[in-house]
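Enquirer: Protein chains in written order, with the numbering used here: chain A, 1044 to 1376; chain B, 1044 to 1376; chain C, 1044 to 1376; chain D, 1044 to 1376; chain E, 1044 to 1376.
Every residue gets a Cβ at the ideal spot worked out from N, C-alpha and C, and that includes glycine.
My questions all concern the structure below.
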Amino acid sequence: MPDVIVDKAIYCDGVRESITGDISDAFNAARAQGDCFLWIGLHEPSQEEFDLITSEVSLHPLAVEDAIHAHQRPKLERYDDTLFIVLKPLLYLDETSDIEVGEINLFLGRDFVISVRHGQANPLGGVRHRIESDPGLLSAGPAGVLYAICDEVVDTYSRIVHEIEIDLIALEHRVFSGEYTDATADIYSLKREVLEFRTAQDPLIPVLEEIVKGRVELCLASREQFRDVLDHLLRVDATVDEHNELLTSALSAHLALVGREQNKVAMQQNADMRKISSWAALIAVPTMIAGVYGMNFDFMPELHWPFGYPLTLGLMVIAVIIVYRLLRRSGWL
Amino acid sequence: MPDVIVDKAIYCDGVRESITGDISDAFNAARAQGDCFLWIGLHEPSQEEFDLITSEVSLHPLAVEDAIHAHQRPKLERYDDTLFIVLKPLLYLDETSDIEVGEINLFLGRDFVISVRHGQANPLGGVRHRIESDPGLLSAGPAGVLYAICDEVVDTYSRIVHEIEIDLIALEHRVFSGEYTDATADIYSLKREVLEFRTAQDPLIPVLEEIVKGRVELCLASREQFRDVLDHLLRVDATVDEHNELLTSALSAHLALVGREQNKVAMQQNADMRKISSWAALIAVPTMIAGVYGMNFDFMPELHWPFGYPLTLGLMVIAVIIVYRLLRRSGWL
Amino acid sequence: MPDVIVDKAIYCDGVRESITGDISDAFNAARAQGDCFLWIGLHEPSQEEFDLITSEVSLHPLAVEDAIHAHQRPKLERYDDTLFIVLKPLLYLDETSDIEVGEINLFLGRDFVISVRHGQANPLGGVRHRIESDPGLLSAGPAGVLYAICDEVVDTYSRIVHEIEIDLIALEHRVFSGEYTDATADIYSLKREVLEFRTAQDPLIPVLEEIVKGRVELCLASREQFRDVLDHLLRVDATVDEHNELLTSALSAHLALVGREQNKVAMQQNADMRKISSWAALIAVPTMIAGVYGMNFDFMPELHWPFGYPLTLGLMVIAVIIVYRLLRRSGWL
Amino acid sequence: MPDVIVDKAIYCDGVRESITGDISDAFNAARAQGDCFLWIGLHEPSQEEFDLITSEVSLHPLAVEDAIHAHQRPKLERYDDTLFIVLKPLLYLDETSDIEVGEINLFLGRDFVISVRHGQANPLGGVRHRIESDPGLLSAGPAGVLYAICDEVVDTYSRIVHEIEIDLIALEHRVFSGEYTDATADIYSLKREVLEFRTAQDPLIPVLEEIVKGRVELCLASREQFRDVLDHLLRVDATVDEHNELLTSALSAHLALVGREQNKVAMQQNADMRKISSWAALIAVPTMIAGVYGMNFDFMPELHWPFGYPLTLGLMVIAVIIVYRLLRRSGWL
Amino acid sequence: MPDVIVDKAIYCDGVRESITGDISDAFNAARAQGDCFLWIGLHEPSQEEFDLITSEVSLHPLAVEDAIHAHQRPKLERYDDTLFIVLKPLLYLDETSDIEVGEINLFLGRDFVISVRHGQANPLGGVRHRIESDPGLLSAGPAGVLYAICDEVVDTYSRIVHEIEIDLIALEHRVFSGEYTDATADIYSLKREVLEFRTAQDPLIPVLEEIVKGRVELCLASREQFRDVLDHLLRVDATVDEHNELLTSALSAHLALVGREQNKVAMQQNADMRKISSWAALIAVPTMIAGVYGMNFDFMPELHWPFGYPLTLGLMVIAVIIVYRLLRRSGWL
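Okay, here's the thing in structure tokens:
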């Protein structure tokens, strides 16, 4: 039995029965019993592995190709009596605040569920535990499984939106803290995350709407449960749109703050320049006076006065004081 | 009887009758009388408390879960013969100009209203007083109660939109007052508020539209009243959109003003630099002249002229005056 | 008779008959004659005044409340055999280039028109003159009155859009004149005006569309006339959208021009700085030379040369000329 | 016969017959022959002139008013058995790269076409030549004329869109040439042009769609030809939208380039300031040394050394060289 | 046989038969056999060449005109029993990271496919190989050919979107690397590419939707295959929209980084200015002291002190040290 099979079981009357032998036999046994269904969980199978395992059910080759190659957007396709559904579960990486996008491809029939998972995001283990402990869900058959998976995926969306909200608020605090920091790259990368989130989540809305409107026969009985999931998804969607719009504004606001910082730097520079020039003036004035009395004219009466020198020094001091006061008064010093 | 019950009463033929005993008995009594209905008001009940109180009516478990956990968006859901409605009342906090978002979950049947309130925003007390003093509303039964609550919630929206308008105009005055202030954070936070407002208010439009179009049997008779509420809501909606768009423009405009401020600072700096250099030139010229006559050449005839010194001083003064005039004429001084 | 009645008259077979006595009597008389209708024009009536005047016709209390309190958006509501229509006429104030938003609430029945006007914008006087001189309009009855009012209101929209266009073009000329001016506040306030305009005008489109599609029985015969009005309104709408988009671009363009102005200021500053430093260098060089020959060494042969002094002066002049030429060549002077 | 008649002719069985006498007679003659139709082309007629010429056909007065006053948006209106169509032909002025918006109002009946042209843009002459040389078009009657006009108008749109594309690419080259130029005003004016273009072209889409969907009986037989025109128009529309979006980005990009230019200017300024200060330092050091040896102390042994003077000069040179090297190493010189 | 024929063949029962003689004969032969169809591939034929080759089938002249002149947008048109389909294949040029837009015009009938290719982008050769080696596709007839071409074109879209994603991520790394680079032109040109991509790809969505909804009889049997192609196209579309929005944000973010760079330059300038002024002060102080002792007063006792000179030199050194320390403490040096 290849490694790609993560789990396989038959659920009859709300009870899990392990499959030990051949899948085909188990499948036929399940069919014979009536109210049973088989759930086979695969992880990144190759074409050959997939064909081997699902030989008992007839699946549309294009859907199978999609399921094996992954990289689909969320969608729901009806092929005769089977449904093909693609979901994009997300995984929030705490260390980096990054989002990883996974993919779940589901084939649903009256009596089987085949799930093909790609990537690390893995809500299916939890779902199996939940449905196995909730007879109500099991009795809804494959539709119950689908509901439980959708519910889990959308719940993860809610949690991640909440994490993004926290990141956004932290970013806002940083940007508007009064102290200038460069948040451009962080705003942009959060914006990118929000857009990637939206690309994963947005196409799921029409999928669920179709189920809620009763256009998917297999899920008819569980419509109200799907409506509940849709409702949560719509709330996620509204919040994502709000975040997206807020981040655009945050980018603009940050730009204004960068400009404000420029003003601060320029005003600081001007203040410095004024201070520097003031000190230069304070030195230049006595230097000029000293130059005058360093001239070598024969007839410079001041040079021969007994108090010429101290008077000149005094003149220098007074000149400096006057200039200092003038500069003070005009706010340059 | 648990504390979570805020109020409970039976309304028969437009008259309020208090319930003293068991809710179930009261409920059965009300049903027996025909034109009566029961209104139980709860505040953040636990699952157990809720189940105990509502044991007499059969409510859909998913709706009950929503009502207890809150965090829904406005919606209307039909379950057989009961309606489940979520409203998001808002509370404007005067001190901080902030908005607080509450939640009201309503279960409506032919003969009962169960309201579950979360958060501080509390329009229900006022609504009870209003319907108890308006026999017309009471005679409309649960639909009348729903109308009165919607009307009150949308009225609060109108008042808050008005407050936001006032905040926005004050912000515009600050931004465009001619005097530069940093309004970036305030514009952004008003934008956030407007977006949060819209998230609370926008999904209520399709809810009311469905009632107005007559698709909700229980409210058929009160359609014109709901149309009135919807109309007010649409007006709120248009104003919110206008505010949102104005705030985006205000952010751009503020950015231009930050740039203008930069120009002002740079021009001030340039003017200062010119003034500084002018004064430096005025000092440098006599200093240079003094340097020349400080040289020790044997043959410097000027040094021996009797009027050499005063002439040189005069030369200095004249040079300073000429330079001063040149600088004045070119606008540097 | 209260002052709130602006005008009242009965129109029979295209002829105006004044009402002198009681309104109820006039009304009954008009009804008896068959092809007549009554038009009562009110201005900001109180609830009591309104009830007194309209006692003869049964109007829906919610519509009456709307009409008295005003602050509605344009809408059309059908109540049994009466129509309730809200229009938002605009008034362009030449002195301030501002727009004032008024409100007209209309009740239309088979044989009456009750108009309730709020605010200064007053197209109704002109409409009365027009219909009284146009028998074709009068013969269309209340629908003709409604058409004439809508036509007048939309005509005012056209005129105001034209005024806004003129303001916008003037603003563009100012912004792109080559000479820098600060137009931020003006662009923003024009944007605000355009948005207010749109809020008043936009909801009228579905109102007129409903009439044009023939869903309003009372106006069925005048559909083509209303189509004409709708067409004008759609043209107004397209122009308003164009203005709105242009103003957003104008804000961005203005921002670029503010930046360009910054570049100009900075380049001016740099040119000034170069010029200043050049002059400083021209003074510093001879000052340094003078300093050298001011030294008191015993053995400085130049000092004893007979032509030492004029040679040094010549050296200074030559040094200044060389430096001057170097600076000229590098474009600093 | 008034001058406003640009051309008039009867087309019978694909052959043009000139009208020499009275229009009414010609019209009646054409009607009598069965497969004929009359085309009268008018240019900015007055109400009286128009009424005189079209006395034979009954046109709706509102459509006539529109046709005479012009300033309509593209539209199609059905009045009993006549169609009223408005088109906005454009004229590209090579010298100024400006667009001029004209207007064609068309009345179409089973056996007549009345075209009313306003403004300089004139595609009708070319259309007449085309249909007169294409019997297939003539045999389609008035619908063929309408098709030929629409085709010509949309062809002009295509050509102008191509001119705008050329202007846009030239603008992009200028903006991103590496050399800074101020393109703000040009980007804005191209944006204005694109928006005016869109206002003229956009409302034509639903007009053609209505014809293509077969809702216009008169044009039923020519649907495929109109589909071809619609297709060209949709291509024009997509390109216009792309241009509009690109111009918004160009404005933002230009803003960034203005900012980059600021950086360049500021860095140039800094480099200059460093160079200036370096030269100032180179002069200040020997000046200071000279000052020291200009002091008049009695006991300054260096002054009496025989080689004091040349040593000091050497000291100055060495100091200058050292400072020069330091400045060079740190990149200031 | 003209050179414009790239390939021609008859496919019968999944087998390719070459055509050696006349096309008309081959065509008639194919028709006679029942389950055969003809595929003629043309490259930029002239009108004459096209007419000659397709003389056997009746194609609508407007479609033929479109096919020969190219420059269409993706579309699907039904003419009686033939389909006319336009596709826009893209070619990614590795050297320049540019996109080249080609065009394929297809005529599909029950028993023929005529493909007209314009430009360099050429997916048809690959398609021929694929269908000739896949009997399932061949047995679907012309619809199979159409499917294979659409699949190939959309696959190329996927690959190019992936290349654009790589370019975008590289651009993001450059912009946010911390080191400032001017990425404006690159962001803009990637934006232009994305918009051109969207113009080529967007109109294909409704074409495929129409086929998937079963409105195109010829392709009814292959609906599920076309749904698969549509699905891939929708994924491309979502990614393109995400890229477009991200590039707008990248432009804004880049603008903020340009502003941050301005701040860095300005702060560097300020730091330089402080350093320069500090050194100037260090030189100016001893120069001033030297000037004082260069004065020629008769009575300057210090000049006659035996240690006057060394004391003064010491004073200068101490003054310089004090000023140096002050400047250090305030962070200017």
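I want to verify the contact list: residues of chain C whose CB lies under 8 Å from the CB of arginine 1116(D), in sequence order.
Expert: Stepping through the fourth sequence from its first residue, residue 1116(D) is reached at position 73. Asp1274, Leu1277, Arg1278, Ala1281, listed in chain order.
Enquirer: Strictly below 9 Å CB to CB, what residues from chain E border tryptophan 1375(A)?
Expert: The residue you call residue 1375(A) lines up with position 332 of the first sequence. Going along chain E, no residue has its Cβ under 9 Å from tryptophan 1375(A), so there is no contact; the nearest lies around 14 Å.
Enquirer: Below 7 Å between beta carbons is the criterion; list the residues of the stretch 1299-1315 of chain A that meet it against any residue of chain E, in chain order.
Expert: From the stretch 1299-1315 of chain A, only Val1301, Gly1302, Glu1304, Gln1305, Val1308, Ala1309, Gln1311, Gln1312, Asp1315 have a Cβ closer than 7 Å to chain E.
Enquirer: Since glutamate 1146(A) and leucine 1134(A) should fall inside the 8 Å C-beta cutoff, what is the C-beta to C-beta distance between them, to a whole number of angstroms?
Expert: Position 103 of the first sequence, counted from the start, is the residue given in the question as residue 1146(A). Position 91 of the first sequence, counted from the start, is the residue given in the question as residue 1134(A). Incorrect: roughly 12 Å between the Cβ atoms, too far for contact.
Enquirer: For histidine 1075(A) and aspartate 1094(A), I'd like the C-alpha separation in whole angstroms.
Expert: In the first sequence, counting from the first residue as 1, residue 1075(A) sits at position 32. In the first sequence, counting from the first residue as 1, residue 1094(A) sits at position 51. One detail in the question is off: residue 1075(A) reads as alanine in this sequence, not histidine. One C-alpha to the other measures close to 23 Å.
Enquirer: Just to confirm, is the Cβ distance from phenylalanine 1269(D) to isoleucine 1254(D) under 7 Å?
Expert: As a position in the fourth sequence, residue 1269(D) is number 226, starting the count at 1. As a position in the fourth sequence, residue 1254(D) is number 211, starting the count at 1. Yes, the pair counts as a contact, with Cβ atoms nearer than the cut-off.
Enquirer: Could you compute how far the alpha carbon of phenylalanine 1240(C) sits from the alpha carbon of asparagine 1306(E)?
Expert: Position 197 of the third sequence, counted from the first residue, corresponds to residue 1240(C). Position 263 of the fifth sequence, counted from the first residue, corresponds to residue 1306(E). Answer to the nearest angstrom: the Cα atoms are 41 Å apart.
Enquirer: Is there at least one Cβ from chain A nearer than 7 Å to histidine 1112(B)'s Cβ?
Expert: Locating residue 1112(B) in the second sequence gives position 69, counting from the first residue. No, because no Cβ of chain A sits closer than 7 Å to the Cβ of histidine 1112(B).
Enquirer: Could one say the Cβ of proline 1045(A) lies closer than 7 Å to chain B's Cβ atoms, at least one of them?
Expert: Numbered from its first residue, the first sequence carries residue 1045(A) at position 2. With a pLDDT of 48 at proline 1045(A), under the threshold of 50, the modelled position of this residue cannot be trusted; read the value that follows with caution. No, its Cβ sits nowhere closer than 7 Å to a Cβ of chain B.
Enquirer: Return the chain-ordered list of same chain residues with a C-beta closer than 7 Å to the C-beta of cysteine 1079(A), the five sequence neighbours on each side being excluded.
Expert: Against the first sequence, residue 1079(A) aligns to sequence position 36. Only Ile1053, Tyr1054, Cys1055, Ala1073, Asp1154 meet the Cβ criterion.
Enquirer: Would leucine 1180(B) and isoleucine 1174(B) be called neighbours here (beta carbons separated by less than 7 Å)?
Expert: In the second sequence, counting from the first residue as 1, residue 1180(B) sits at position 137. In the second sequence, counting from the first residue as 1, residue 1174(B) sits at position 131. Yes, these two residues count as a Cβ contact at 7 Å.
Enquirer: Hey, would you say proline 1132(A) sits closer than 7 Å to valine 1196(A), going by beta carbons?
Expert: One-based indexing of the first sequence puts residue 1132(A) at position 89. One-based indexing of the first sequence puts residue 1196(A) at position 153. Their beta carbons are under 7 Å apart, which means proline 1132(A) touches valine 1196(A) by this criterion.
Enquirer: Flag glycine 1337(D) as yes if its beta-carbon sits less than 7 Å from any beta-carbon of chain E, otherwise no.
Expert: On the fourth sequence, position 294 is the one that residue 1337(D) refers to. Glycine 1337(D) counts as touching chain E.
Enquirer: According to the neighbour-count rule (16 or more other Cβ atoms, all chains shown, within 10 Å of its Cβ), is glycine 1351(B) buried or exposed?
Expert: Taking the second sequence and counting its residues from 1, one reaches residue 1351(B) at position 308. That one is buried.
Enquirer: Which ranges does the beta strand (DSSP E) cover as unbroken runs of at least 3 residues, wholly within the stretch 1122-1172 of chain A, from first to last along the chain?
Expert: Taking only runs of at least 3 residues, the beta strand (DSSP E) segments lying wholly in the stretch 1122-1172 of chain A are 1125-1130, 1133-1136, 1141-1144, 1146-1151, 1155-1161.
Enquirer: Leaving out five residues before and five after lysine 1051(D) in sequence, what residues of the same chain have Cβ atoms less than 6 Å from its Cβ?
Expert: Sequence index remark: in the fourth sequence, residue 1051(D) carries index 8 (1-based). Here the set comprises Ile1062, Ile1083.
Enquirer: Mind reading off the beta-carbon distance from leucine 1370(A) to serine 1321(A)? Whole number of angstroms is fine, and I expect it under 8 Å.
Expert: As a first step, residue 1370(A) is located in the first sequence; it is residue number 327 there, counting from the start. As a first step, residue 1321(A) is located in the first sequence; it is residue number 278 there, counting from the start. About 4 Å separates the two Cβ atoms, so the contact holds.
Enquirer: Quick one: is methionine 1359(B) buried, meaning 16 or more other Cβ sit within 10 Å of its Cβ, or exposed?
Expert: Numbered from its first residue, the second sequence carries residue 1359(B) at position 316. Classification for methionine 1359(B): buried.
Enquirer: Once you ignore the five residues that flank alanine 1069(B) on each side, which residues in its own chain have a CB closer than 7 Å to its CB?
Expert: The sequence position of residue 1069(B) within the second sequence is 26, counting from 1. Counting only Cβ-Cβ distances below 7 Å, and skipping sequence neighbours, we find Ile1053, Ile1062, Leu1081.
Enquirer: Can you pull the chain B neighbours of glycine 1177(A), defined as C-beta to C-beta under 7 Å?
Expert: The residue given as residue 1177(A) occupies position 134 in the first sequence. The displayed chain sequence assigns aspartate, not glycine, to residue 1177(A). The premise fails here: aspartate 1177(A) is roughly 12 Å from chain B at the closest Cβ pair, so nothing lies under 7 Å.
Enquirer: For glutamine 1115(E) and glutamate 1260(D), I'd like the C-alpha separation in whole angstroms.
Expert: Here residue 1115(E) refers to the residue found at position 72 of the fifth sequence. Here residue 1260(D) refers to the residue found at position 217 of the fourth sequence. Each residue's Cα considered, the two are about 28 Å apart.
Enquirer: Below 8 Å CB to CB, which residues in the same chain sit around isoleucine 1203(B) once its five sequence neighbours on both sides are set aside?
Expert: Counted from its first residue, the second sequence places residue 1203(B) at position 160. Taken in chain order, the residues that qualify are Leu1133, Tyr1135, Ile1142, Phe1240.
Enquirer: Buried or exposed: histidine 1216(C), going by 16 or more other Cβ atoms within 10 Å of its Cβ?
Expert: For the purposes of this step, residue 1216(C) is taken as the residue at position 173 of the third sequence. When all chains shown are included, histidine 1216(C) counts as exposed.
Enquirer: Express the C-alpha separation of valine 1170(B) and proline 1088(B) in angstroms, rounding to a whole number.
Expert: Counting from 1 along the second sequence, the entry for residue 1088(B) is found at position 45. Counting from 1 along the second sequence, the entry for residue 1170(B) is found at position 127. Approximately 20 Å, taken between the alpha carbons.
Enquirer: Do you know how far the Cα of glutamate 1206(D) is from the Cα of leucine 1273(C)?
Expert: Here residue 1273(C) corresponds to residue number 230 of the third sequence, with the count starting at 1. Here residue 1206(D) corresponds to residue number 163 of the fourth sequence, with the count starting at 1. Cα-Cα distance, rounded: 34 Å.
Enquirer: Could you tell me which chain A residues have their CB closer than 9 Å to the CB of alanine 1362(B), listed as they occur along the chain?
Expert: The residue you call residue 1362(B) lines up with position 319 of the second sequence. In chain order: nothing, as chain A lies at least about 12 Å away.
Enquirer: Any idea what DSSP makes of glycine 1064(C), helix, strand or coil?
Expert: Taking the third sequence and counting its residues from 1, the one referred to as residue 1064(C) is at position 21. Note: glycine 1064(C) maps to coil in three-state DSSP.
Enquirer: Does the distance from the CB of lysine 1118(B) to the CB of valine 1100(B) come in under 7 Å?
Expert: Working through the second sequence from its first residue, we reach residue 1118(B) at position 75. Working through the second sequence from its first residue, we reach residue 1100(B) at position 57. Cβ atoms of lysine 1118(B) and valine 1100(B): not closer than 7 Å.
Enquirer: Sorted by chain position, which residues of the same chain lie with C-beta nearer than 8 Å to glutamate 1304(D)'s C-beta, five sequence neighbours on each side aside?
Expert: What you label residue 1304(D) is simply residue 261 of the fourth sequence in a count that begins at 1. Around glutamate 1304(D): Tyr1223.
Enquirer: So is methionine 1359(B) in contact with chain C if we call contact Cβ pairs under 7 Å?
Expert: Working through the second sequence from its first residue, we reach residue 1359(B) at position 316. Not an interface residue.
Enquirer: Nearest by alpha-carbon distance to alanine 1186(B): which of Leu1151(B), Thr1199(B), Ala1213(B), Val1058(B) is it?
Expert: Position 143 of the second sequence, counting from 1, holds the residue named residue 1186(B). Out of Leu1151(B), Thr1199(B), Ala1213(B), Val1058(B), Leu1151(B) has the C-alpha closest to the C-alpha of alanine 1186(B).
Enquirer: In the stretch 1207-1230 of chain B, which residues sit with their C-beta less than 9 Å from some C-beta in chain A, listed in chain order?
Expert: For the stretch 1207-1230 of chain B, which is checked against every Cβ of chain A, the residues closer than 9 Å are Tyr1223, Asp1225, Ala1226, Thr1227, Ala1228, Ile1230.
Enquirer: Let me check one thing: in DSSP terms, what residues is valine 1186(B) bridge-paired to?
Expert: In the second sequence, counting from the first residue as 1, residue 1186(B) sits at position 143. It should be pointed out that residue 1186(B) corresponds to alanine in this sequence rather than to valine. In the DSSP output, where bridge partners are listed per residue, alanine 1186(B) has none listed.
Enquirer: Return the residues of the stretch 1247-1258 of chain C that lie within a Cβ-Cβ distance of less than 9 Å from chain B, sorted by chain order.
Expert: Answer in chain order: no residues at all.
Enquirer: At a CB-CB cut-off below 7 Å, which residues of chain B make contact with glycine 1334(C)?
Expert: For the purposes of this step, residue 1334(C) is taken as residue 291 along the third sequence, with counting starting at 1. Chain B residues near glycine 1334(C): Gly1334.
Enquirer: Using a Cβ cut-off of 8 Å, pull out every chain E residue sitting near glycine 1351(A), in sequence order please.
Expert: Translated into positions along the first sequence, residue 1351(A) becomes position 308. Going along chain E in sequence order, the residues near glycine 1351(A) (Cβ under 8 Å) are Phe1340, Asp1341, Phe1342.
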